[in-house]
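Taking it in order: structure first as structure tokens, then the write-up.
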Amino acid sequence: MSSPSNLVDEDDLSLVEALQLSPRATWRDIGRSLGIETRTARRRWARLRDEGLAWIACTPGPASPAVFAHIQIACAPGDTARIAAELVERPRFVTVQTQGGGSYGLLALAVVPRIEALNVAAIDDVSTIPGIQAHRVSVVTRIFRQGADWRVGALDEESSGALAATRRPPDSSRGLGPAARRLREPLLALLNEDGRMSVRRVAERLGESEPTARRALADLLGAGHLLQRCEVSHAAVGRPVDLVLWLSVSPERLGAIAHELSQQRVVRVCVAIVGGESNLLIQCWLRGPDEIPSVERFVATIAGARIVERGIILRHYKRFNHVLDDRQRTIRIVSAPGDA
């Protein structure tokens, strides 16, 4: 499968998936799994990264106490782009998107260190912006599937298995040393800047010794306090339609329904939420608008699930700290939020 714009080819897609499976795998391991030379893998990634087509982001991981919340925002006519641009510059809003359908023209994802800080994000950062008419906050209570779990689907089982074996799953029982606690936020920022930054370079940037930087990095990634993810321009990989569905599902079947939806290849995000009529949100990457009815028909076949609201993302202004241009390529980074 090549993208309609021919910005990426099958080899590029294989490389992207290799890095989705193991963002910090050595170039030697990646080259071996893909059947290409180490330098070829490194050169291909440099082109994709430099052209803003793919990048490695870093987010709070499953063991982090961080709280995620989707904030829907209704704007005055003509103010959507201005408000989106203002939210982009505010670090706690890690993702900012415009959407069509429904009464809310903007959808943002806020990340805060604790639940009490949502008041700042929802009240101070949203309500005080001129042109915002209303907003609705939906707090994420459980993540069943996230962008880090989605794959482009270019690798065979043998190649993907070999790469997955190079990345150990997070161990939440693993403790954090003093260096990891102290360096968590600086490392989050550095790994957003360059997810494959060498330990030596990390140490230099932090002003720490290499052993200290290595321990802190291993602790934070190994314990699941930080999570790396290889992101890609959805338009470049032939999935330009980003569909968001807000569902109401039977509470007693929430886990089962979420699990069933998460198994669908088009589903990129599936999270339980609280804060309105909906209690489950899914986000799907599709090849075209003609695939939307089949997604909705599938949801309709699930007992206990009902679509409450739907929308199509018209533009991604920012995705997990990376600011995107109108071609949906990353062009710069807004620093990740700290604990303050």
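194 is the number that this note's numbering gives to position 184 of the sequence shown; each next residue is one higher, with no gaps. Note that beta-carbon positions come from the ideal geometry of N, C-alpha and C, so glycine has one too.
Query: According to DSSP, which residues form a beta bridge with L324?; Result: Paired residue(s): none; L324 is not in a bridge.
Query: Between Y327 and P72, what straight-line distance do the alpha-carbon atoms span, to the nearest angstrom?; Result: 25 Å
Query: A84 bridges to which residues according to DSSP?; Result: A144
Query: Please check the pair V242 and V26, which I expect to be a contact at CB under 8 Å, by giving their CB distance rounded to whole angstroms.; Result: 5 Å
Query: Taking the continuous beta strand (DSSP E) assigned at L237, which residues delimit it?; Result: L236 to V242
Query: Starting from the C-beta of Q156, find all residues in its chain whose C-beta is less than 7 Å away, skip the five residues before and the five after it, and write them out in chain order.; Result: V279
Query: Start and end of the alpha helix (DSSP H) containing S304?; Result: I302 to A310
Query: Any chance you could list the beta strand (DSSP E) runs of at least 3 consecutive residues sitting entirely within the region 127-205, in chain order?; Result: 142-155
Query: My understanding is that S258 touches S288, with C-beta atoms under 8 Å, so please give their C-beta distance in whole angstroms.; Result: 6 Å
Query: When you compare each of E167, L236 and L200 to P180 by their alpha carbons, which one comes out closest?; Result: L236
Query: With a threshold of 7 Å on Cβ separation, who are the neighbours of A315 within its own chain once the five nearest residues in sequence on each side are excluded?; Result: L257, V259, I267 and V309
Query: Could you work out which residue in A282, V254 and R325 is closest to A306 when comparing CA atoms only?; Result: Note on identity: in this sequence residue 306 is Glu, with Ala being the wrong assignment. Nearest of A282, V254 and R325 to E306, Cα basis: V254.
Query: Below 8 Å, how does it come out for the region 93-108 and the region 46-57: are there three or more Cβ pairs, yes or no?; Result: no
Query: So V212 is in the alpha helix (DSSP H); what residue range does that whole segment cover?; Result: V209 to L216
Query: Can A172 and S43 be called in contact, C-beta distance under 8 Å?; Result: yes
Query: Pair every Cβ in the region 111-125 with every Cβ in the region 68-84, then say whether three or more of these pairs are closer than 8 Å.; Result: yes
Query: Just to confirm my understanding: we take A86, look at its own chain, exclude 5 residues before and 5 after, and list those with CB closer than 7 Å. What are they?; Result: G141 and Q143
Query: Excluding the five sequence neighbours on either side, which residues of its own chain have a C-beta within less than 6 Å of the C-beta of R38, listed in chain order?; Result: T48
Query: From the DSSP output, in three-state form, read off Q30 for me.; Result: helix
Query: Measure the C-alpha to C-alpha separation of E99 and S32 and round it to an integer number of angstroms.; Result: 30 Å
Query: Are there 16 or more other CB atoms within 10 angstroms of the CB of I250, so buried, or fewer, so exposed?; Result: Correcting the residue type first, residue 250 is Pro in the shown sequence and not Ile. P250 is buried by the Cβ-count criterion.
Query: A228: which of A28, L198 and R339 sits nearest, CA to CA?; Result: L198
Query: Using beta carbons (cut-off 8 Å, strictly below), is E270 in contact with chain B?; Result: In the displayed structure, chain B is absent; only one protein chain is listed.
Query: Which residues does DSSP pair with P70 in a beta bridge?; Result: L236
Query: My output table needs one value for G62: the three-state DSSP class, helix, strand or coil.; Result: coil
Query: Could you please give the first and the last residue of the uninterrupted beta strand (DSSP E) stretch that includes V344?; Result: Neither: V344 is in no beta strand (DSSP E) and is coded neither H nor E.
Query: So Y114 and R146 are supposed to be a Cβ contact under 8 Å. How far apart are they, rounded?; Result: 7 Å
Query: Would you mind giving the Cβ-Cβ distance between G205 and I66, rounded to the nearest angstrom? I have them listed as a contact below 8 Å.; Result: 3 Å
Query: Closest to E319 by C-alpha separation, out of Q338, A91, G112 and R191, would be which residue?; Result: G112
Query: Pick out whichever of D19, S345, D22 and D252 has its Cα sitting closest to the Cα of G110.; Result: D252
Query: For H244, does the count of other Cβ atoms within 10 angstroms reach 16, so buried, or fall short, so exposed?; Result: buried
Query: Can you tell which of G298, L201 and R210 has its C-alpha closest to the C-alpha of V247?; Result: G298
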